[in-house]
Amino acid sequence: MRYADFTPYDIILLLQGLGVTLALFIGTTLIGLAIGLLLAVVHHYRIPGCRPVIVVVTEALKNSPVLVQLFLVFFGIPAFLHIRMTPVEAATLTISLNTAAFAFVIFRSGIESIDRDQIEAAKVFGLNRSQILRLVIAPQATAFAVGPLVGILVNQLQVTSLISVIGVFDLTKIGNILNLRTLQPFIVWAVIGLIYYIAAKTLAHVGGRIEAALRKSVKWGGI
Amino acid sequence: MIVAENVEKRFGETLVLKRVNLRVEPGEVVTILGASGSGKSTLIRCINGLETLSGGKITVDGHDVSTKAGLVAARRASATVFQLFNLYPHMTALRNITLAPIEVLKLPKAEAEARARALLDKVGLAAHADAYPQQLSGGQRQRVGICRALAMQPRYLLLDEVTSALDPEMTGDVLRILAELAADGTTMVFVTHEIEFARHISSRIVFLEQGELIVDLPTAQFFAEDGGLAVPRIRQFLSKMKKD
Ligand SMILES: Nc1ncnc2c1ncn2[C@@H]1O[C@H](COP(=O)(O)OP(=O)(O)OP(=O)(O)O)[C@@H](O)[C@H]1O
Ligand SMILES: [Mg+2]
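As given, the protein sequences belong to chains L and E, one line each in that order.
Numbering-wise (my numbering), the first sequence opens with residue 287 and increments by one.
Numbering-wise (my numbering), the second sequence opens with residue 234 and increments by one.
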C-alpha cells in the first residue's frame, strides 16, 4: 500500500473533521441565536442609544464577507489589542457574531409581525413586560422565525468551512489534507461535499419538523 | 368610582381632549357619544392607561393612573373590551380568557378554567373553548373578548365600539349579552354608535364634540326636547345617526 492510497483510518479522520465542524456549528448557533434574540429584545424596547449601534453593527456583519470578518478577528484583534487568540476561538467568535446578525433581523421581524393591538390588550389586563414577552410575543415570534432561521443556519453550516483557512481542523481542512496526500481531488472533494450535503439536509429536515410542530400548536392562519 | 378631572390629551400640536370632566359611579352605565374623531377612544385609552395624559388627572377607585402603582391598581379594577377584539391568536378561547387571571390574579389554573368555562357557557360558546380566534366568527370572537374582560371580575367595564366591526346579526348577540350585564348592575363606560341601544341601557349619556365634553345628562333628559335635543350639535348628530 502506497502512502498516497486511501486507508480505513481516513474515515476516522473524516469523522473527526465532521465532529469539529458540527461542534463549531452547534456552538456558534447557540451563541448566535442567544445574542440575536437579545439584540432583538433590546431593539424592541427602544433602550436609549442602542438601536443605531445594533443596526450599524448587524448591517456590517451581514454585508461583508465572512472570510474578511474571520481575518479581522484572527489577525486584526490580536495585533490591535495585543492578545492571543487560537483559531478555534477566532472561528467561534466570528461565526457566532455573524449568525447573531442574521438571527437579529429574523427575530426583529418576528416581533414586528405581531399585532400591536394584542400587546395593548395584554398591558390593559395587567401583564407586565416580561410576561408579555414570554407569553404573547415569544411564541408568535418563534413560530414566525423558525422557517427563515433554518434557512440561515443551513447556510451558516456551509460557511463554517471557511475556518479551515485559519487552521481549524474541520471537515474542509481534513479534505485539504487528504487531497494533498492522495492527489485525488475529485474523489476527496466529492466525498466532503456529500458529507456537507447530508448534514445540511438533515438540519433542514429537523428544522422543518420543528416548524410543522410549532405551526400545528399555533393554528392561527395569520402567517 | 372613575373620576376624570380636567383631562387633556394632545398628539403633537393637536389637542384631542380638552379639559374633560367625567364621573362614573358604581352601578352606572355611561355612554359616550360623539362624531368620529371627537376623542371617544382616546378618553377610554386614557382611563385604561394606554395613553398618558397631557394634563389633568384620572383616578379609578382613588388610584391615579398616571403613577406606576396607581396604574397597576386601576387596571385591576377595570377591564377593556376592544373594537377589534385584540385576542391572542396563538391561544385558544379558553386560554385567552384564563391568561390574565392566572398570571396577574394568580388564580390556580383549575379555578381560572372553571370560571372561564362558566363564562363561555353564559355567552353561548361552551362548545368553542378550545377553538382558536381564527376559527371563530367576529361575533364569537367578541364574546370571547367580553369573557376575557369579565374573567378579571372588574368593577368597571370599558367598551369601545365593541360591535362596530360586526355584522348586524352578530351585533344583536353581543348587545344582548351587554344588556344582561347592565341589568346585573355591571358598571360600564360604553362608546357606541348604536344610539337606540345606548338609550335602552344607559343611565347617563355624555357627548364629546371635538375633544370637549359638552353635555352630560341622564338618559331620559339627553333625549328630551328641552334637554340634549335642545343642543343643535346633538340634534344634528342624532338625526344623522338615524339616517345611517
Ligand atoms: N396616536 C395618535 N396620534 C395622533 N393622533 C391621534 C392618535 N390617536 C388619535 N388621534 C387623533 O385624535 C383624534 C381623536 O381620535 P379618537 O380615536 O379618540 O376619536 P373617536 O372619537 O374614537 O373616533 P371614532 O368614532 O372614529 O372611533 C382624532 O383626530 C385622531 O386623528
Ligand atoms: Mg374610536
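Think of the CB as a built atom: it goes at the ideal place given N, C-alpha and C, for glycine as much as any other residue.
| Asked | Found |
| --- | --- |
| Between GLY272(E) and ligand 1, is there a pair consisting of the residue's CB and a ligand heavy atom that are separated by less than 7 Å? | yes |
| Indicate the three-state DSSP secondary structure (helix, strand or coil) for SER472(E) in the structure shown. | helix |
| Output the residue ranges of the beta strand (DSSP E) runs that lie fully inside the region 335-404 of chain E and measure 3 residues or longer, sorted by chain position. | 389-393 |
| Where does CYS336(L) land, buried or exposed, given buried means 16+ other C-beta within 10 angstroms? | exposed |
| I need the DSSP call for ILE265(E), collapsed to helix, strand or coil. | strand |
| Can a CB atom of chain E be found closer than 8 Å to the CB of ALA431(L)? | no |
| With 8 Å as the threshold, decide whether the Cβ of PHE393(L) is near any Cβ in chain E. | no |
| What is the rounded straight-line gap between the Cα of ARG402(L) and the Cα of ILE449(L)? | 42 Å |
| Check for me: the beta strand (DSSP E) holding THR313(E) runs from which residue to which? | 311-314 |
| So is the beta-carbon of GLU442(E) under 7 Å away from any non-hydrogen atom of ligand 2? | no |
| Any C-beta of chain L sitting closer than 8 Å to the C-beta of THR313(E)? | yes |
| Check this for me: beta carbons of PRO259(E) and ARG388(E), under 8 Å apart or not? | yes |
| Does any residue of chain L bring its CB to less than 8 Å from the CB of VAL337(E)? | yes |
| Cβ of LEU419(L) less than 8 Å from any chain E Cβ? | no |
| Taking three-plus beta-carbon pairs below 8 Å as touching, is the region 319-327 of chain E in contact with the region 355-366 of chain E? | yes |
| Does at least one heavy atom of ligand 2 sit under 7 Å from the Cβ of ASP403(L)? | no |
| Could you tell me the alpha carbon to alpha carbon distance between PHE456(E) and SER311(E), rounded to whole angstroms? | 29 Å |
| Checking contacts by CB at 8 Å: is LEU413(L) closer than that to chain E? | yes |
| Would you mind reading off the limits of the alpha helix (DSSP H) that contains ILE298(L)? | 295-330 |
| Give every residue of the same chain whose Cβ lies closer than 7 Å to the Cβ of ARG394(L), excluding the five residues on either side of it in the sequence, and list them in chain order. | ALA326 and HIS329 |
| Tell me where the alpha helix (DSSP H) around PRO434(L) begins and ends. | 424-445 |
| Leaving out five residues before and five after VAL356(E) in sequence, what residues of the same chain have Cβ atoms less than 7 Å from its Cβ? | ARG376, ILE379, CYS380 and ILE410 |
| Kindly examine ligand 2 and report whether one of its heavy atoms sits closer than 7 Å to the Cβ of GLU406(L). | no |
| Can the beta-carbon of PRO334(E) be found closer than 8 Å to that of ALA351(E)? | no |
| Cβ atoms of THR446(L) and PHE311(L): under 8 Å apart, would you say? | yes |
| For PRO334(L), go through chain E and note every residue whose CB falls closer than 8 Å to its CB, in chain order. | Within 8 Å Cβ-Cβ: nothing; PRO334(L) doesn't reach chain E, min ~18 Å. |
| Just to confirm, are ASP291(L) and LEU464(L) a CB contact at a threshold of 8 Å? | no |
| Ordered along the chain, which non-local residues of its own chain (more than five positions away) have a Cβ less than 8 Å from that of VAL249(E)? | LYS242, ARG243, GLY272, THR275 and GLY444 |
| Is GLU394(E) near ligand 2 - that is, is its Cβ less than 7 Å away from at least one heavy atom of it? | yes |
| If you measure from the CB of VAL240(E), is any heavy atom of ligand 1 nearer than 7 Å? | no |
| Is the beta carbon of LEU466(L) closer than 8 Å to that of THR307(L)? | no |
| May I ask you to list, following chain order, the residues of the region 383-407 of chain L that have a beta carbon less than 7 Å from some beta carbon of chain E? | ASP403, GLN404, GLU406 and ALA407 |
| Can you tell me whether THR425(E) is buried or exposed? The criterion is at least 16 other CB atoms within 10 Å of its CB, across all chains shown. | buried |
| I'd like to know if GLN442(L) contacts chain E, where contact means its C-beta is closer than 8 Å to some C-beta of that chain. | no |
| Quick one: give me the first and last residue of the alpha helix (DSSP H) that ASP449(E) is part of. | No alpha helix (DSSP H) contains ASP449(E), which is instead part of the beta strand (DSSP E) from 445-451. |
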